[in-house]
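Colleague: A single structure is presented below for examination.
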Amino acid sequence: MTGANGSGKTSLLRILCGLLSPAEGLVAWQGVNVHSLGEEYFTAVTYVGHRTGVKDELTAIENLQVSAGLCGNEIDRGQARAALEKVGLAKRDALPARLLSEGQRRRISLARLVVSKTSLWLLDEILTSLDKAAISLVRSLIEEHLSEGGIAIVATHQDLELSSGQSRRLELAT
Amino acid sequence: MLRWIVWRDLILAWRRRADALSTLFFFVIVVSLFPLGIGPETELLRSIAPGVVWVAALLASMLSLGRLFANDYHDGTLEQLLLTPQPLYLVVLGKVAAQWVTSELPLVVIAPLLGVQFGLSNQTLVVLVVTLLLGTPVLSFIGSVGAALTLGLRSSSVLIAILVLPLYIPVLIFGAGAVEASIAGLSPASHMYLLGAVTVLALIFAPWATAAALRISLE
Numbered sequence: 000m001t002g003a004n005g006s007g008k009t010s011l012l013r014i015l016c017g018l019l020s021p022a023e024g025l026v027a028w029q030g031v032n033v034h035s036l037g038e039e040y041f042t043a044v045t046y047v048g049h050r051t052g053v054k055d056e057l058t059a060i061e062n063l064q065v066s067a068g069l070c071g072n073e074i075d076r077g078q079a080r081a082a083l084e085k086v087g088l089a090k091r092d093a094l095p096a097r098l099l100s101e102g103q104r105r106r107i108s109l110a111r112l113v114v115s116k117t118s119l120w121l122l123d124e125i126l127t128s129l130d131k132a133a134i135s136l137v138r139s140l141i142e143e144h145l146s147e148g149g150i151a152i153v154a155t156h157q158d159l160e161l162s163s164g165q166s167r168r169l170e171l172a173t
Numbered sequence: 000m001l002r003w004i005v006w007r008d009l010i011l012a013w014r015r016r017a018d019a020l021s022t023l024f025f026f027v028i029v030v031s032l033f034p035l036g037i038g039p040e041t042e043l044l045r046s047i048a049p050g051v052v053w054v055a056a057l058l059a060s061m062l063s064l065g066r067l068f069a070n071d072y073h074d075g076t077l078e079q080l081l082l083t084p085q086p087l088y089l090v091v092l093g094k095v096a097a098q099w100v101t102s103e104l105p106l107v108v109i110a111p112l113l114g115v116q117f118g119l120s121n122q123t124l125v126v127l128v129v130t131l132l133l134g135t136p137v138l139s140f141i142g143s144v145g146a147a148l149t150l151g152l153r154s155s156s157v158l159i160a161i162l163v164l165p166l167y168i169p170v171l172i173f174g175a176g177a178v179e180a181s182i183a184g185l186s187p188a189s190h191m192y193l194l195g196a197v198t199v200l201a202l203i204f205a206p207w208a209t210a211a212a213l214r215i216s217l218e
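Set out below in structure tokens:
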């Protein structure tokens, strides 16, 4: 999903994940209005927003364990460490997140995608402050997710260049 | 899943223990100023003690309310909490429980020590602790509604005080009333029953109201 600043990419994603109510129309998941699905809908959704949702006082491992545990997908330290290794934080996983750079904090939220078992990913400007290696990591994560039958809706200014046939582009006009 | 939110908030409070300690010190200092200001007039001190301790507890709990949701709101974890597959009611319950343990429980523990400064008898000190145990959860619950409503607003701390302090009045009346009755040699039971009723009402309704307010604040 692309579009100029202020064209409503973030609003659309927030409506899709249920944080915002649409002025008209409805959001349906597998044919059912998400408002009547309630919390059940959230078992299927992972949302990564502008704000990383990383706690400064917790280490990367703790951040990942807590956010996975809260989503009903409990992981042990080993699984958390493996996911963080995959996003390139292997040697930083026991540091409080406030000591990490913006890009490294972003990588913690990427690790959430690695461990997630949800089928719908809503990713808002996920490439911000990521380096080239991390961007290609995001691409491979999304491609893997799609090949397992998942859905990802990505708001972005940069081109993701997914392998052909897997993606559709939505351009929002202002 | 509830234990994750409680565990997380307890760990965060421990790593930021200066915040919780400042609430406790505020309580101790405010209560201690009265004996110093009034002088060694035992009868007068004894009669104002219940009111002073309770008012100080209300004010001290205001200090910690601003932090209840604001930190989570600013780093984006509150959004994530709203998107977890469990009732928001439970999330709020977990956060309020952790807030009570870290910010209100220390006040209850230190209160008997402060009561001694006012010349309260042992029996009255027990009543004071029991009423605080019953009443401080209400402060956390009602306060959580105010904190959720004022989330992300400018000068939210003043707004919380204006919204929440009037709602604390029943707790203040019954809590201080029980201690006063005990000082006068009467049974504090009737006040305690009423205080217990307020606590149960707050436990049932406040988390719903807080959950609704959070959804509105995050729109």
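Just so you know, the sequences run in chain order B and S. Residue 173, in numbering that gives the first Met the number 0, is where the first sequence stops; the numbers in between run on with no holes. Residue 218, in numbering that gives the first Met the number 0, is where the second sequence stops; the numbers in between run on with no holes. Beta carbons are placed, not taken as given, at the ideal position from N, Cα and C, and that holds for glycine. Note that this is a predicted model, so its numbers are computed, not measured.
1) Under 8 Å, with one C-beta from each stretch per pair, do the stretch 153 to 161 of chain B and the stretch 26 to 37 of chain B reach the 3-pair mark?
2) I want to see whether chain B comes within less than 8 Å of residue 22 (chain S), judged by CB atoms only; does it?
3) Can you tell me the Cβ-Cβ gap for residue 47 (chain B) and residue 111 (chain B), rounded? I've got them flagged as a contact below 8 Å.
4) Using a Cβ cut-off of 7 Å, which residues of the stretch 44 to 77 of chain S contact any Cβ in chain B, in chain order?
5) Mind listing, in chain order, the continuous alpha helix (DSSP H) runs of no fewer than 4 residues lying wholly within the stretch 60 to 136 of chain S?
6) For residue 13 (chain S), write down the residues that DSSP places opposite it in a beta bridge.
7) Taking DSSP as the reference, what is the three-state secondary structure of residue 34 (chain S)?
8) Does the stretch 145 to 160 of chain S touch the stretch 125 to 136 of chain S, meaning 3 or more C-beta pairs lie closer than 8 Å?
9) Along chain S, in chain order, which residues have C-beta atoms closer than 8 Å to that of residue 92 (chain B)?
10) So residue 63 (chain B) and residue 83 (chain B) are in contact, right, with Cβ under 8 Å, and what is the actual spacing, rounded?
11) So is residue 131 (chain B) buried or exposed if we call it buried at 16+ other beta carbons inside 10 Å?
12) List the DSSP bridge partners of residue 147 (chain B).
13) Can you tell me which of the three DSSP states residue 158 (chain B) falls into?
14) From the DSSP output, read off the bridge partner residues of residue 188 (chain B).
15) Here's the rule I'm using: 16 or more other beta-carbon atoms within 10 Å means buried, otherwise exposed. How should residue 54 (chain B) be labelled?
16) Do you know offhand how far residue 120 (chain S)'s Cα is from residue 55 (chain S)'s?
17) Closer than 7 Å by beta-carbon distance: list the chain B residues that pair up with residue 240 (chain S), in chain order.
18) I need the boundaries of the alpha helix (DSSP H) containing residue 125 (chain B), first residue and last residue.
19) What whole-angstrom Cβ distance do residue 139 (chain S) and residue 91 (chain S) have, given they're in contact under 8 Å?
20) Out of B:122, B:127, B:168, state which residue places its alpha-carbon closest to the alpha-carbon of residue 140 (chain B).
21) Taking 7 Å as the line, does the beta carbon of residue 80 (chain S) fall inside it for any heavy atom of the ligand ZN?
22) Below 8 Å, can you find three or more Cβ-Cβ pairs linking the stretch 15 to 24 of chain S to the stretch 101 to 113 of chain S?
23) Could you spell out the range, first to last residue, of the alpha helix (DSSP H) harbouring residue 85 (chain B)?
24) Among B:18, B:146, B:168, B:85, which residue has its Cα nearest to the Cα of residue 216 (chain S)?
25) Tell me whether the beta-carbon of residue 128 (chain S) lies closer than 8 Å to the beta-carbon of residue 107 (chain S).
26) Please name the residue, chosen from S:200, S:158, S:182, that lies closest to residue 170 (chain S) on a Cα-to-Cα basis.
Modeller: According to the structure shown:
1) As far as the Cβ criterion goes, the stretch 153 to 161 of chain B does not touch the stretch 26 to 37 of chain B, which means the pair count is below three.
2) By this cut-off, residue 22 (chain S) is not an interface position.
3) About 7 Å separates the beta carbon of residue 47 (chain B) from that of residue 111 (chain B), a gap short enough to meet the 8 Å contact definition.
4) Against chain B - using a Cβ distance shorter than 7 Å - the residues of the stretch 44 to 77 of chain S are 74, 75, 76.
5) Segments of the alpha helix (DSSP H) lying fully in the stretch 60 to 136 of chain S: 76 to 81, 87 to 98, 104 to 116.
6) By DSSP's assignment, residue 13 (chain S) forms no beta bridge with any residue.
7) Residue 34 (chain S): helix per DSSP, three-state reduction.
8) No: fewer than three Cβ pairs fall under 8 Å.
9) Contact annotation for residue 92 (chain B) against chain S: no contact, minimum CB-CB distance about 16 Å [criterion: below 8 Å].
10) The beta carbons of residue 63 (chain B) and residue 83 (chain B) sit about 7 Å from each other, so the pair counts as a contact at 8 Å.
11) The residue in question, residue 131 (chain B), is exposed, as its Cβ has fewer than 16 Cβ neighbours within 10 Å.
12) Note: residue 147 (chain B) is not bridge-paired with any residue in the DSSP secondary-structure output.
13) Note: residue 158 (chain B) maps to coil in three-state DSSP.
14) Residue 188 (chain B) falls outside the range modelled here, since chain B spans only 0 to 173, and no answer is possible.
15) Residue 54 (chain B) comes out buried.
16) C-alpha of residue 120 (chain S) to C-alpha of residue 55 (chain S): approximately 20 Å in a straight line.
17) The shown model of chain S, from 0 to 218, leaves out residue 240 (chain S), and the question about it has no answer.
18) Taken as a continuous stretch (DSSP letters only), residue 125 (chain B) belongs to no alpha helix (DSSP H), as it is neither H nor E.
19) About 11 Å; that fails the 8 Å criterion.
20) Residue 140 (chain B) has its Cα closest to that of B:122, out of B:122, B:127, B:168.
21) Absent from the structure shown: the ligand ZN. Ligands present: none.
22) By the C-beta criterion, the stretch 15 to 24 of chain S is judged to be in contact with the stretch 101 to 113 of chain S, since at least 3 inter-stretch pairs fall below 8 Å.
23) Start and end: 76 to 85.
24) Nearest of B:18, B:146, B:168, B:85 to residue 216 (chain S), Cα basis: B:18.
25) In this structure, residue 128 (chain S) sits near residue 107 (chain S), with a CB-CB distance shorter than 8 Å.
26) Answer by Cα proximity: S:200.
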